[in-house]
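S.K.: Residue numbers (our numbering): 987 to 1270. One structure is given below, represented as structure tokens, and several questions about it will come after.
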């Protein structure tokens, strides 16, 4: 357990015993001061930032308990930080620099998203992806799965003689769809193993196949119906488009900034990558 969580656990334990909270007549905001420690102000904004970084288990606590715990945590941290004298140690300074770099980069990413992931950009991406898309075939089929080619041939003969497909599937199929008459529902390209999909693609509606072998056994297939898949509406794929466009706009902006900037870095192999495991790099 990290030192941070040890301290947080102690604070939470104390908070469970005392959960009183103060009220203010003014509407609280991020600048509202909730404590002053040796002249250093702690605001609701500081508390909200601390809360946003907590593990999920702490967020399940009652609001009043969590409020007091976070406030106590920040007060204790401030008291301890005020006790420090001298220059900030190099390892701490490096962590602060990394944290600052990460937070600012995240803020810039949010700005890029706001600028680039507009409704117009998403709709343009939708048109590019789906406007000229060729609808794929979808199939509604049922099958009877058996262990051998001989068993499958017998079923084909019985069906040709007038046997009911659904009843035979219930009686003889070893597949999980057997009790449901072999019904597989609707499926499209890539949803079935290749041999099965190829057989179905070559059938007419209402037809029954010859035995088809796959790694699961031998199938007798009945194609009930074929249809063309619809292009999904924009709202249905919006989240997917946002995810795809997010990666693109961020990567493009990073590459643009790299070209505008000046970057110098060590060559591959110049430093042994294993050196990062050295504990001295964290302490010196």
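C-beta atoms are modelled at their ideal positions from N, C-alpha and C, and glycine is treated no differently.
DSSP three-state label for residue 1010, please.
M.R.: What you label residue 1010 is simply residue 24 of the chain shown in a count that begins at 1. Because the pLDDT at residue 1010 is just 48, under 50, the model does not fix this residue reliably, and the value given afterwards should be weighed accordingly. Residue state, collapsed to three classes: coil.
S.K.: Buried or exposed for residue 1020, going by 16 or more other Cβ atoms inside 10 Å?
M.R.: As a first step, residue 1020 must be located in the chain shown, where it is residue number 34. Under this definition residue 1020 is a buried residue.
S.K.: Between 1044, 1097, 1104 and 1206, which lies nearest to residue 1192 when the distance is taken from Cα to Cα?
M.R.: Position 206 of the chain shown, counting from 1, holds the residue named residue 1192. Residue 1192 has its Cα closest to that of 1206, out of 1044, 1097, 1104 and 1206.
S.K.: State buried or exposed for residue 1046, treating a residue as buried only when at least 16 other CB atoms are found within 10 Å of its CB.
M.R.: For the purposes of this step, residue 1046 is taken as residue 60 along the chain shown, with counting starting at 1. Here residue 1046 is exposed. Its C-beta has fewer than 16 other C-beta atoms within 10 Å.
S.K.: Pick out the complete alpha helix (DSSP H) segments inside the stretch 1101 to 1153, 4 residues or longer, and give them in chain order.
M.R.: Along the stretch 1101 to 1153, the alpha helix (DSSP H) occurs as fully enclosed runs of 4 or more residues at 1105 to 1116 and 1135 to 1146, listed in sequence order.
S.K.: Assuming residue 1051 is part of the beta strand (DSSP E), what are its boundary residues?
M.R.: Here residue 1051 is taken as the residue at index 65 of the chain shown, counted from 1. Run containing residue 1051: none in the beta strand (DSSP E); it sits in the alpha helix (DSSP H), 1049 to 1069.
S.K.: Quick one: Cα of residue 1022 to Cα of residue 1077, how far?
M.R.: The residue labelled residue 1022 in the question sits at position 36 within the chain shown. The residue labelled residue 1077 in the question sits at position 91 within the chain shown. C-alpha separation (whole angstroms): 28 Å.
S.K.: Which residue's Cα is closest to the Cα of residue 1152: 1194, 1012 and 1187?
M.R.: Position 166 of the chain shown, counted from the start, is the residue given in the question as residue 1152. Considering only alpha carbons, the answer is 1194.
S.K.: According to DSSP, simplified to helix, strand and coil, what is residue 1175?
M.R.: Counting from 1 along the chain shown, the entry for residue 1175 is found at position 189. Reduced to three states, the DSSP call for residue 1175 is coil.
S.K.: Rounding to the nearest angstrom, what Cα-Cα distance links residue 1212 and residue 1116 in this structure?
M.R.: By 1-based counting over the chain shown, the position of residue 1212 is 226. By 1-based counting over the chain shown, the position of residue 1116 is 130. Each residue's Cα considered, the two are about 21 Å apart.
S.K.: Got a sec? Which residues, its chain only, sit under 8 Å from residue 1228 by beta carbon, not counting five neighbours each side?
M.R.: The count along the chain shown starts at 1 and reaches residue 1228 at position 242. Result list for residue 1228: 1103 and 1108, in chain order.
S.K.: In whole angstroms, what separates the C-alpha of residue 1030 from that of residue 1232?
M.R.: Looking up residue 1030 in the chain shown gives position 44. Looking up residue 1232 in the chain shown gives position 246. The alpha-carbon atoms of residue 1030 and residue 1232 are separated by roughly 31 Å.
S.K.: Under 7 Å Cβ to Cβ from residue 1261, same chain only, skipping five residues before and after it: list those, please.
M.R.: Taking the chain shown and counting its residues from 1, the one referred to as residue 1261 is at position 275. Listed in chain order, the non-local C-beta contacts of residue 1261 below 7 Å within the same chain number zero, local neighbours out to five positions each way being set aside.
S.K.: Helix, strand or coil: which one does DSSP assign to residue 1019?
M.R.: To locate residue 1019, count along the chain shown from 1; it is residue 33. Three-state result, residue 1019: strand.
S.K.: Do the stretch 1161 to 1171 and the stretch 1237 to 1256 touch if we need at least three Cβ pairs shorter than 8 Å?
M.R.: no
S.K.: For the alpha helix (DSSP H) that contains residue 1208, what are its first and last residues?
M.R.: On the chain shown, residue 1208 is found 222 positions in, with the first residue counted as 1. It is not in any alpha helix (DSSP H) - residue 1208 instead sits in the beta strand (DSSP E) that spans 1203 to 1214.
S.K.: Just reading off the alpha helix (DSSP H) that residue 1223 is part of, what are its end residues?
M.R.: Here residue 1223 refers to the residue found at position 237 of the chain shown. Its alpha helix (DSSP H) spans residues 1220 to 1246.
S.K.: Would residue 1125 be called buried (16 or more neighbouring beta carbons within 10 Å of its own) or exposed?
M.R.: Along the chain shown, read from residue 1 onward, the residue named residue 1125 stands at position 139. By the 10 Å Cβ count, residue 1125 comes out buried.
S.K.: List the whole-angstrom C-beta distance separating residue 1160 from residue 1182, where the pair is believed to meet the contact cut-off of C-beta under 8 Å.
M.R.: As a working note, residue 1160 is residue 174 in the chain shown. As a working note, residue 1182 is residue 196 in the chain shown. About 15 Å separates the two Cβ atoms, so there is no contact after all.
S.K.: Quick one: is residue 1058 buried, meaning 16 or more other Cβ sit within 10 Å of its Cβ, or exposed?
M.R.: On the chain shown, position 72 is the one that residue 1058 refers to. Buried, by the Cβ-count rule.
S.K.: According to DSSP, residue 1198 sits in a beta bridge with which residue or residues?
M.R.: Locating residue 1198 in the chain shown gives position 212, counting from the first residue. Looking at the DSSP output, residue 1198 shares a beta bridge with 1205.
S.K.: Near residue 1026, which residues of its chain fall below 6 Å by C-beta distance, leaving aside the five closest residues on each side in sequence?
M.R.: Within the chain shown, numbered from 1, the residue matching residue 1026 stands at position 40. Taken in chain order, the residues that qualify are 1064.
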